[in-house]
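Line by line, the protein sequences give chains X and V. The first sequence lines up with residues 16 to 338 when you count with my numbering. The second sequence lines up with residues 16 to 338 when you count with my numbering.
Number of protein chains: 2
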Amino acid sequence: MREFELIDVLRTRLAARRDDTRLGIGDDTAILAPSPQTELLVTTDTLIIDRHFPGDTTAFDIGYKAVAVNLSDIAAMGGAPAWLTISLAAPALEPDWADAFVDGLQAACAAYPGPDPIDIVGGDTTRADQLMITVTAIGHVASGRAIRRSGARAGDLIAVTGTLGDAAAGLARWPQREPCASETDPLIRRLVRPDLRDGRALIGRASAALDVSDGFLADLAHILTASNVGARVAVDDLPGAHALAAAAPDLATFRRWQATGGDDYELCLTAPAAQIGPLREALGCPLTVVGEITAELGLMCLDRHGQCLAADMPTRAGWDHFA
Amino acid sequence: MREFELIDVLRTRLAARRDDTRLGIGDDTAILAPSPQTELLVTTDTLIIDRHFPGDTTAFDIGYKAVAVNLSDIAAMGGAPAWLTISLAAPALEPDWADAFVDGLQAACAAYPGPDPIDIVGGDTTRADQLMITVTAIGHVASGRAIRRSGARAGDLIAVTGTLGDAAAGLARWPQREPCASETDPLIRRLVRPDLRDGRALIGRASAALDVSDGFLADLAHILTASNVGARVAVDDLPGAHALAAAAPDLATFRRWQATGGDDYELCLTAPAAQIGPLREALGCPLTVVGEITAELGLMCLDRHGQCLAADMPTRAGWDHFA
């Protein structure tokens, strides 16, 4: 059974029945309304050793990443993260490891842009053969204002924050990395400590958004499916770090890292052209326009000469853990 | 490092900093106030194959138990569960298995006493060497009314719902069980499908409560520590099912299953004597008085002749996954 097949089954079978469930399974987060004036965003993500991070990742970086990938989901809905629970399953518990892990959890919370602290309010520890961390994040959003995947409209521009492909390049370089590489190597650093964006900047400006976790094209396809639209993407406009260009052995690898690499945790959003400037200012980070939403379905990738690139991209789930 | 040492470190290091975090790590659930009028309860629990359930447990029963143990935490705070997220890590995904697992998730939600449905609003699936399920549950509670572990007062009675020890006896019998034992054998059934109690009955009546997961005495000790009180427990008054008495080879085993067996997921509560009758009526299930809270610290276990039993019971964490 493929992962997306299971998710489809779950989405159908687990359709929301409560009046105060505004949105159930299928977006970056659920939307819950515990009171008429309050909406919350809830998301959960599991990280497993040797699958979501290399086995020799430091405890600090594991803690950081486990928190960051969840905060990123809250941001992609336009929310402000408030609370986390942490479930840790591990073969053993070493005090030094646990201490550095907690440092990493807290560092990711502190790195989130915004005025309010984020509290870790619960969790669970248990023994398992493999190191595995499940984080659940809960955030606030102004009622009715959360940015869903389904809001993209023909004519909207497609934009991404920061740069794409760094994490994929960092992973490729991992086995040969220097000691303390996550402190010194920008690509390695992006792999283990994703940059966090302030999702509140999206409210009232973006029409749809998600965080780039599976790979830019695969994630964009989620927006297209949910919004029932298509897109043209200018592959050569995808924002890349200088370090990425230096690390790529050839153009094909460079494009592959950027377009399908995954693990970037940048925000991919759609918005009317007039909102791109205000979004860039509110986000306070680079925001690059990389394409346009079309009424015609399908995802077309063009190079700088307007040539259509072979669409050997996944059109559905980007990364299937059970494929 | 022992599990309770880690939890102590976490409790200290992760002290709440937000005004809207009413209670952080250390009780059955956290208490969060997303708006001045609203309080939510949040808890998370991980179940791992061969550790929290035998490897040949059915998919239905695994799903049921993973949900039930979390709903039980919400109930123990006096809350009404509303939403769940489910994180599933498994070596493979078989459609039949997944279908029965979802049946089990939904059956546990449906079995929770109360008028409102419980929605599963998110989750995550990933491949892992071991089957592992992490559930996060979110519930409602009237503002300021949640039942904490710290409210027990000298003179309060100690009471437990249902019967104790069935799950431990079921686990002892597991290797020799009949096919479909979870349908037909009451002890096996209690092991995999814990009875769920309506936590709202505790509000305004119980002074402290928790769910019996590690074992009755170990869990009661959590209340004593949090409330800074002691207790006298009449071991022979602990409620036992007829099936349990029939299954126990001797009195010592019977007492051990009841007092330290764990996995019961019954509610252990303290309350003034005058509240026991109203509590029994509101809960709609058997509620048995088994002891009394004392100003003198310590946990004293007495048999029917008033003899003090050797206190070879854990005084702190009952079940340490890393011991």
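The C-beta atom is built at its ideal place from N, Cα and C for all residues, glycine as well. None of the values given here were measured: they were computed from a predicted structure.
If residue i sits next to residue j, beta carbons under 8 Å apart, how far is it from one beta carbon to the other, in whole angstroms?
i                : j                : result
Leu211 (chain X) : Ala90 (chain X)  : 7 Å
Thr178 (chain V) : Leu55 (chain V)  : Going by Cβ atoms, the distance from Thr178 (chain V) to Leu55 (chain V) rounds to 31 Å, so no, they are not a contact pair.
Leu146 (chain V) : Met16 (chain X)  : The Cβ separation is near 15 Å, so there is no contact.
Leu99 (chain X)  : Ile135 (chain X) : 5 Å
Ala167 (chain X) : Ala223 (chain X) : 4 Å
Val24 (chain X)  : Ala286 (chain V) : Contact doesn't hold; Cβ gap of about 44 Å is too wide.
Ala288 (chain X) : Leu172 (chain X) : 5 Å
Arg66 (chain V)  : Thr176 (chain X) : In fact, because the Cβ distance is near 41 Å, the residues do not count as touching under 8 Å.
Ala157 (chain X) : Asp131 (chain X) : That pair is no contact at about 14 Å.
Asp200 (chain X) : Arg192 (chain X) : 6 Å
Thr312 (chain X) : Arg163 (chain X) : Note that residue 312 (chain X) corresponds to Leu in the displayed sequence, not to Thr. Not quite, the Cβ-Cβ distance comes to about 19 Å (not below 8 Å), so this is no contact.
Val117 (chain V) : Arg26 (chain X)  : About 11 Å; that fails the 8 Å criterion.
Leu103 (chain V) : Gly138 (chain V) : 7 Å
Asp34 (chain V)  : Leu47 (chain V)  : Not confirmed; about 11 Å, so no contact.
Ala262 (chain V) : Leu202 (chain V) : 6 Å
Thr53 (chain X)  : Thr53 (chain V)  : 6 Å
Thr309 (chain V) : Arg270 (chain V) : So it is not a contact: roughly 21 Å between Cβ atoms.
Ala143 (chain V) : Pro106 (chain V) : 7 Å
Gln290 (chain V) : Arg220 (chain V) : 4 Å
Helix, strand or coil, according to DSSP, for residue i in the structure here?
i                : result
Arg37 (chain X)  : strand
Gly292 (chain X) : helix
Ala105 (chain V) : strand
Ser222 (chain V) : coil
Asp42 (chain V)  : strand
Ala236 (chain V) : helix
Gly245 (chain X) : strand
Asp327 (chain X) : Confidence in Asp327 (chain X) is poor, its pLDDT being 45 and thus under 50, which makes the residue's placement too unreliable to answer from.
Glu18 (chain V)  : helix
Leu86 (chain V)  : helix
Ala206 (chain X) : One detail in the question is off: residue 206 (chain X) reads as Leu in this sequence, not Ala. Helix.
Gly78 (chain X)  : helix
Arg192 (chain V) : coil
Gly333 (chain V) : Residue confidence is low: Gly333 (chain V) scores 42 on pLDDT, short of 50, so the model does not pin down where it sits. No coordinate-derived value is stated.
Val24 (chain V)  : helix
Arg215 (chain X) : helix
Ala31 (chain X)  : coil
Ser228 (chain X) : coil
Thr73 (chain V)  : coil
Ala338 (chain X) : In this predicted model, Ala338 (chain X) has a pLDDT of only 44, less than 50, meaning its place in the structure is not dependable enough to derive any value.
Considering only DSSP beta bridges, list what residue i is partnered with.
i                : result
Ile148 (chain V) : V:Leu62, V:Leu103
Phe68 (chain V)  : V:Ile64
Glu307 (chain V) : V:Leu172, V:Arg247
Pro96 (chain X)  : X:Gly154
Cys316 (chain X) : X:Val248
Thr53 (chain X)  : X:Ser50
Leu302 (chain X) : X:Thr176
Just to check, is the beta-carbon of residue i closer than 7 Å to a non-hydrogen atom of the ligand NAP?
i               : result
Ala31 (chain V) : Looking for the ligand NAP in the displayed structure turns up nothing, as the structure carries no ligands at all.
Does the beta carbon of residue i sit closer than 8 Å to a beta carbon anywhere in chain C?
i                : result
Gly138 (chain V) : The displayed structure is made up of protein chains X and V, and chain C is not among them.
Measuring CB atoms only, is the stretch 238 to 246 of chain X touching the stretch 292 to 301 of chain X, in the sense that at least three cross pairs come out at less than 8 Å? The answer is no - the stretch 292 to 301 of chain X does not touch the stretch 238 to 246 of chain X, with fewer than three Cβ pairs under 8 Å.
Under 8 Å, with one C-beta from each stretch per pair, do the stretch 223 to 234 of chain V and the stretch 279 to 292 of chain V reach the 3-pair mark? yes
Complete alpha helix (DSSP H) runs within the stretch 108 to 185 of chain V (minimum length 4 residues, chain order): Within the stretch 108 to 185 of chain V, the runs of alpha helix (DSSP H) at least 4 residues long that lie entirely inside it are, in chain order, 110 to 126.
For the stretch 121 to 129 of chain X against the stretch 314 to 326 of chain X, are there 3 or more C-beta pairs whose distance is under 8 Å? no
Does the stretch 201 to 219 of chain X come close enough to the stretch 64 to 84 of chain X that 3 or more CB-CB pairs lie under 8 Å? yes
Can you find at least 3 beta carbon pairs, one from the stretch 147 to 162 of chain V and one from the stretch 46 to 64 of chain V, that sit closer than 8 Å? yes
Give a yes or no on contact between the stretch 186 to 199 of chain X and the stretch 152 to 162 of chain X, applying the rule of three or more CB pairs nearer than 8 Å. no
Whole beta strand (DSSP E) elements within the stretch 251 to 288 of chain X, 3-residue minimum: Here the runs fully enclosed are 282 to 286.
For the 8 Å Cβ check, are there 3 or more pairs between the stretch 304 to 313 of chain V and the stretch 246 to 253 of chain V? The answer is yes - the stretch 246 to 253 of chain V touches the stretch 304 to 313 of chain V, with three or more Cβ pairs under 8 Å.
Within 8 Å, do at least three Cβ pairs link the stretch 35 to 50 of chain X to the stretch 76 to 94 of chain V? no
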